[in-house]
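Visitor:
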Amino acid sequence: MKEVIIAVLASGAFFTFLQFIINRHDLKKGLEQKMDDLSNKVDENQAILARTHILRFADELRNGVAHSDDYFKQQLQDIDVYEHYCQKHPDFANGLTVLSAQFIKDEFTEQLKGENK
C-alpha cells in the first residue's frame, strides 16, 4: 500500500489532481464568495466595536471623566472607521453615534483650546 501511495505521489498524478481541484471554477467561485462574506463580516464587526467605543467615550465625557489627548485621538480614529463604514454601507444603522461623535470632536477641540492658552 505504501508503495502505491509513493508511486502516485511520485508520478505527478496527485499534483495534477490537486491542480484540478484548485482550478475548478465553481469551487474557486464558492471560496471567493465565502472570503468576501468573511471580509464583510469582519468590517461590520469593526464598525460595531468602533460604535461601542464612541458611545462609551461620549458617556464618560458627559459624566466628567478626564481623558488624555492620546485617548481622544484613538476615539477620533474610531469615529473615522465608523463613519467610513457607514458611508460604504448606507443600510447600516448610523443614527446611534452621530451626536456622540460630534460631542467628542467638540470636547477635543475645547481641550486643545485650553492647552493653547
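Each residue of the sequence shown is one higher than the last, beginning at 1 in this note's numbering.
From the three backbone atoms N, C-alpha and C, an ideal C-beta is built for every residue, glycine too.
Return helix, strand or coil for S39, following the three-state DSSP convention.
Guide: Locating residue 39 in the sequence shown gives position 39, where the first residue counts as 1. In the structure shown, S39 sits in a helix (DSSP, three-state: H, G or I).
Visitor: Can you tell me which of L96, V42, E83 puts its alpha carbon nearest to the alpha carbon of A58?
Guide: The count along the sequence shown starts at 1 and reaches residue 58 at position 58. For the residues L96, V42, E83, the minimum Cα distance to A58 belongs to L96.
Visitor: Classify I94 as helix, strand or coil using the three-state DSSP reduction.
Guide: Counting from one through the sequence shown, the residue named residue 94 turns up at place 94. Looking at the sequence shown, residue 94 is not Ile but Asn. Coil.
Visitor: Given A47, which residues of its chain have a CB within under 6 Å of its CB, disregarding the five upstream and five downstream residues?
Guide: For the purposes of this step, residue 47 is taken as the residue at position 47 of the sequence shown. Closer than 6 Å at the Cβ level, and outside the excluded window around A47, lie Y82, Y85.
Visitor: Where R24 and G30 are concerned, what is the direct C-alpha to C-alpha distance, given to the nearest angstrom?
Guide: Working through the sequence shown from its first residue, we reach residue 24 at position 24. Working through the sequence shown from its first residue, we reach residue 30 at position 30. Taking the straight line joining both Cα atoms gives about 10 Å.
Visitor: When the Cα atoms are used, what is the spatial distance from E115 to H67?
Guide: Numbered from 1 along the sequence shown, position 115 holds the residue referred to as residue 115. Numbered from 1 along the sequence shown, position 67 holds the residue referred to as residue 67. Distance between the alpha carbons of E115 and H67: 13 Å.
Visitor: With the cut-off set at 7 Å, would you say H53 and D78 are in Cβ contact?
Guide: The residue you call residue 53 lines up with position 53 of the sequence shown. The residue you call residue 78 lines up with position 78 of the sequence shown. Yes. Within cutoff.
Visitor: Can you tell me which of the three DSSP states G30 falls into?
Guide: The residue labelled residue 30 in the question sits at position 30 within the sequence shown. Of the three classes helix, strand and coil, the one that applies to G30 here is helix, per DSSP.
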